[in-house]
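Enquirer:
Residue numbers (the working numbering), protein chains in the order written: chain A, 2 to 239; chain B, 3 to 453; chain C, 3 to 166.
#1: Residue 55 of chain C by DSSP, collapsed to three states: which one?
#2: Quick one: what's residue 145 of chain C bridged to in DSSP?
#3: How about residue 1 of chain A: is its C-beta nearer than 9 Å to some C-beta of chain C?
#4: Looking only at its chain, what residues have a beta carbon closer than 7 Å to the beta carbon of residue 107 of chain A, apart from the 5 residues adjacent to it on each side?
#5: Specify the secondary structure class of residue 97 of chain A as computed by DSSP and reduced to three states.
#6: What residues are listed by DSSP as bridge partners for residue 199 of chain A?
#7: Under 8 Å, with one C-beta from each stretch per pair, do the region 146-160 of chain B and the region 87-94 of chain A reach the 3-pair mark?
#8: Counting contacts by CB-CB distance shorter than 9 Å, is residue 233 of chain B in contact with chain A?
#9: Compute the Euclidean distance between the alpha carbons of residue 237 of chain A and residue 20 of chain A, then round it to the nearest angstrom.
#10: Output yes if chain B places a C-beta closer than 9 Å to the C-beta of residue 95 of chain C; else output no.
#11: Let me know the secondary structure DSSP gives residue 2 of chain A once reduced to three states.
#12: Report the option in B:219, B:423 and B:340 whose CA atom is closest to the CA atom of residue 98 of chain B.
#13: Along the region 66-88 of chain C, where does the CB come closer than 9 Å to a CB of chain A? Name the residues.
#14: In terms of alpha-carbon separation, which member of C:163, C:127, C:98 and C:66 lies closest to residue 141 of chain B?
#15: Cβ of residue 173 of chain B within 9 Å of Cβ of residue 118 of chain C?
#16: Output needed for residue 367 of chain B: all residues of its chain with C-beta closer than 6 Å, excluding positions within five of it in sequence on either side, in chain order.
#17: Against chain C, with Cβ distances strictly below 9 Å, would residue 426 of chain B count as a contact?
#18: With 9 Å set as the bound, which would you pick, yes or no: does the beta-carbon of residue 194 of chain B sit closer than that to a beta-carbon of chain C?
#19: Using the beta-carbon of each residue, which ones in chain B are nearer than 7 Å to residue 90 of chain A?
#20: Is the shortest distance between the beta-carbon of residue 225 of chain B and the beta-carbons of chain A less than 9 Å?
#21: Ignore the nearest five residues each way along the sequence and tell me which others in residue 157 of chain B's own chain have a CB closer than 6 Å to its CB.
#22: Is residue 387 of chain B buried or exposed, if buried means 16 or more other CB atoms sit within 10 Å of its CB?
#23: Under 9 Å between C-beta atoms, does residue 110 of chain A make it to chain B?
#24: Three-state secondary structure (DSSP) at residue 388 of chain B?
#25: Give the straight-line distance between the Cα atoms of residue 101 of chain B and residue 111 of chain B, rounded to the nearest whole angstrom.
#26: For residue 130 of chain A, go through chain B and note every residue whose CB falls closer than 9 Å to its CB, in chain order.
#27: Among residues of its own chain, excluding the 5 on either side of residue 96 of chain C, which ones have a beta-carbon nearer than 8 Å to its beta-carbon?
#28: Let me know the secondary structure DSSP gives residue 176 of chain A once reduced to three states.
#29: Kindly say whether residue 150 of chain A, judged by its beta-carbon, lies nearer than 9 Å to any beta-carbon of chain B.
#30: What are the residues in the region 22-51 of chain A lying within 8 Å of chain B by C-beta distance?
#31: Assuming the contact rule is C-beta atoms closer than 8 Å, residue 390 of chain B and residue 58 of chain B should be a hit. Round their C-beta distance to whole Å, please.
#32: Count the C-beta pairs between the region 181-191 of chain A and the region 210-226 of chain A that are closer than 8 Å, then say yes if the count reaches three, no if not.
#33: Buried or exposed: residue 272 of chain B, going by 16 or more other Cβ atoms within 10 Å of its Cβ?
#34: Can you tell me the Cα-Cα spacing of residue 376 of chain B and residue 382 of chain B, whole angstroms?
#35: With C-beta atoms as the reference, is residue 241 of chain B less than 9 Å away from residue 312 of chain B?
#36: Is residue 165 of chain C helix, strand or coil when you go by DSSP?
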């Protein structure tokens, strides 16, 4: 397991999401879809619970009518340090990288779907059919992200292609990565700046600072999965 | 040895091999068509993608894995039961063992197909096999699916050998009493068996060793199948009771399948003098025991969940007790306990017909049990926003029908090629019955030879 | 050298013939008894020592060691962390070691049984198959010379055998 506070050579990627700032606008959902070439399954398949959203806004209602409040929570792969999805894969299609990412190797996946069944956050998505993009969406495909075929599992990568670019840039400039080097699509698209991304092993980074906040919590911490996504509680709940 | 009686036994028990009736032809034709339907459905799924099934997010397993667990469960009919009866020296086992061992082998073969059928990319199933390969990859031995691979392989190999060994003398008998191509086939299969005293001795020793080894293997197989679920941290899956619960359920459904198969064989091949009411009575009592054990396990499992009152577990629990899955739940309780237990407990009802009705209920009930273990948990993930449901499509139903047809077909072909009641073991049993006292085979011989 | 054989209807006739043949100087190696039902070996007979159980233990050990090596070495070669578990995870690998031990034991027992029972070999007896199949007990004797052959025939006749 990668320790967050440990001094490692490699950056330890993490995300912080301020629930107080999230308006549930779903800009992140759209940005993620375009950035990561996520297949469009269409309305019929979507009605059969087969839509793919690497990040989604979960809506929970609180209270009785007319005093109803809606809580939003963007949920994406939590990149657990002790991920339940990893050991159950028989072919190492999902494993843990040295940067603390929960990696998914599409070409290695045979499609047992065991990982999705063992994910407490339900953030793994299966390609039930070959991917499709109704015109003109196929023109917007990102050349830096591979297309997944049918029969394989996929999920949020923390925009691994952008992480690699940021790391290369830092290496070219002969320095450690710093805030702003890597901005995943969802983070960059958030109009209220509710999302932060960075190296949590660097105690000066924004994510590390937010992780120390008294509002910081992680989803289902009691399961011992040690997620790398930190949620900042709404102040009225703090 | 009574020559006339021997010849009668040979005639009766080899009749299924020698004569082909219309009943057999019709069974083969119907099951063959069922198998074709299943194969066609699988071909369609292969071509289109697994989306032609009713699976979705969050229900990523349903009929596929239900059938997998069901067939692996049925496979516990044979080798385990016959090994236990052999090790404990139960004399009445003799006409039953081969019938049971054949169920094991075929149910395992079919059960092992489902993990392949259910893959998103079934054409790369061999990636799970550990061998040095050009991809430079090994499978992940920490995955319960790889444990399944090893366990099912060991059990299938063991069961095949355990079926084959006691079959050898009968194959030699077939070889010596047939002509032409059949003789040549049985010559190869009987592996040069001559029936020398040395061969009989070694056969008996080997079968005894196998019986002892196969019992823990059989227990481990269904335990590991249960661990596919118990290793996951999902509500009502992550349970330490699952290993023994599944093993008990497997033996339960296995005995039920055995009773049904025996009744069918008895009727079709006129084996009334071999598969007698006493066998159905004894197996019925075993089935009753397993029904009680099954109820005990189920009650403990659900009681602890209800009392613990943990919200995520409770959600799954409620969906089974009072939610959308409750009709299935109560059907399961009725089929696995409320109907068969009283039927089997009352001596007057423990007839052949009675045990067959009870067994049919149990087989249906145990299929529902596996479905209810898999689907309600998956449709109620921890984040309630993602709750879902599941409905099968015709493709899944066709594949399931295909699996049942395939089983019947394999069994029918087996019966056509080999005597389904072990000829030599049956004669051996008669010989030991005619001798006074609790005689082992050795003592019988001594007594007969005036030693 | 040729073989003489007699077919018996009753077990005690066959055993009587075997005992008399031994008195005539035939060794247990020369005499083969064949039947369609299990007839036990004499315990003092040297053929009765079986090593099937020993081979099955050895096969089990071999399977277990093989599985330990396979799981450990292959996992070390992959060297991929999953779920924060150690690369070599004895809890998980133990299950595979168990299954492979059982498989090794079964295969070794089968192999040893085939060897000890002289299966898959050409030997005496093929011509007696149809007689054995009738439920008779066949006793076959390897006779080194003509006198011995006559002795054997005499013994068979005295015990009520039908010559084949």
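From the three backbone atoms N, C-alpha and C, an ideal C-beta is built for every residue, glycine too.
Expert: The structure says:
#1: For this step, residue 55 of chain C is matched to residue 53 along the third chain. Helix.
#2: Within the third chain, numbered from 1, the residue matching residue 145 of chain C stands at position 143. Paired residue(s): C:4.
#3: Residue 1 of chain A cannot be examined here, being either before or after the span of chain A that is shown, 2 to 239.
#4: Start at 1 with the first residue of the first chain, and residue 107 of chain A comes out as number 106. So the qualifying residues of the chain are 147, 149, 153 and 155.
#5: Residue 97 of chain A sits at position 96 when you count from the first residue of the first chain. In the structure shown, residue 97 of chain A sits in a strand (DSSP, three-state: E or B).
#6: Taking the first residue of the first chain as 1, we reach residue 199 of chain A at position 198. Answer is A:15, bridged to residue 199 of chain A.
#7: yes
#8: For this step, residue 233 of chain B is matched to residue 231 along the second chain. Chain A, which has a Cβ nearer than 9 Å to the Cβ of residue 233 of chain B, makes this yes.
#9: For the purposes of this step, residue 237 of chain A is identified with residue 236 of the first chain, where counting begins at 1. For the purposes of this step, residue 20 of chain A is identified with residue 19 of the first chain, where counting begins at 1. Spanning the two alpha carbons is a distance of roughly 11 Å.
#10: The residue given as residue 95 of chain C occupies position 93 in the third chain. True, the Cβ-Cβ gap to chain B drops below 9 Å.
#11: For the purposes of this step, residue 2 of chain A is taken as the residue at position 1 of the first chain. Any reading at residue 2 of chain A is ruled out, since the residue's pLDDT is 47, under 50, leaving its predicted position unreliable.
#12: For the purposes of this step, residue 98 of chain B is taken as the residue at position 96 of the second chain. The option with the nearest alpha carbon to residue 98 of chain B is B:423.
#13: 80, 82, 83, 84, 85, 86 and 87
#14: The residue labelled residue 141 of chain B in the question sits at position 139 within the second chain. Here the closest residue by C-alpha is C:98.
#15: On the second chain, position 171 is the one that residue 173 of chain B refers to. On the third chain, position 116 is the one that residue 118 of chain C refers to. No, they are not a contact pair.
#16: Locating residue 367 of chain B in the second chain gives position 365, counting from the first residue. Excluding sequence neighbours, residue 367 of chain B sits near 334, 337 and 338.
#17: Taking the first residue of the second chain as position 1, residue 426 of chain B is located at position 424. At least one chain C Cβ lies under 9 Å of residue 426 of chain B.
#18: Reading the second chain from its first residue, position 192 is the one you call residue 194 of chain B. Output row for residue 194 of chain B: interface = yes.
#19: If you number the first chain from 1, residue 90 of chain A lands on position 89. The answer, in chain order, is 142 and 145.
#20: Here residue 225 of chain B refers to the residue found at position 223 when the second chain is read from its first residue. So no, residue 225 of chain B is outside the interface.
#21: The residue you call residue 157 of chain B lines up with position 155 of the second chain. Result list for residue 157 of chain B: 219 and 223, in chain order.
#22: Your numbering for residue 387 of chain B matches position 385 in the second chain. Exposed, since its Cβ has fewer than 16 Cβ neighbours within 10 Å.
#23: In the first chain, counting from the first residue as 1, residue 110 of chain A sits at position 109. So, interface residue.
#24: In the second chain, counting from the first residue as 1, residue 388 of chain B sits at position 386. In this structure, residue 388 of chain B counts as helix in the three-state DSSP scheme.
#25: Indexing the second chain from 1 puts residue 101 of chain B at position 99. Indexing the second chain from 1 puts residue 111 of chain B at position 109. Distance between the alpha carbons of residue 101 of chain B and residue 111 of chain B: 16 Å.
#26: The residue you call residue 130 of chain A lines up with position 129 of the first chain. Ordered by position in chain B, the residues that pass the 9 Å Cβ test against residue 130 of chain A are 50, 51, 52, 53 and 54.
#27: As a working mapping, residue 96 of chain C is identified with position 94 in the third chain. For residue 96 of chain C, where only same-chain residues beyond five positions count, there are no Cβ hits under 8 Å.
#28: As a first step, residue 176 of chain A is located in the first chain; it is residue number 175 there, counting from the start. Here residue 176 of chain A sits in coil by DSSP.
#29: As a working note, residue 150 of chain A is residue 149 in the first chain. Output row for residue 150 of chain A: interface = yes.
#30: 46, 49, 50 and 51
#31: Counting from one through the second chain, the residue named residue 390 of chain B turns up at place 388. Counting from one through the second chain, the residue named residue 58 of chain B turns up at place 56. Rounded, the Cβ-Cβ distance is 6 Å, consistent with contact.
#32: no
#33: Position 270 of the second chain, counted from the first residue, corresponds to residue 272 of chain B. It counts as exposed.
#34: In the second chain, the residue the question calls residue 376 of chain B occupies position 374. In the second chain, the residue the question calls residue 382 of chain B occupies position 380. The alpha-carbon atoms of residue 376 of chain B and residue 382 of chain B are separated by roughly 11 Å.
#35: Working through the second chain from its first residue, we reach residue 241 of chain B at position 239. Working through the second chain from its first residue, we reach residue 312 of chain B at position 310. Their beta carbons are not under 9 Å apart, which means residue 241 of chain B does not touch residue 312 of chain B by this criterion.
#36: Numbered from 1 along the third chain, position 163 holds the residue referred to as residue 165 of chain C. Residue 165 of chain C: strand per DSSP, three-state reduction.
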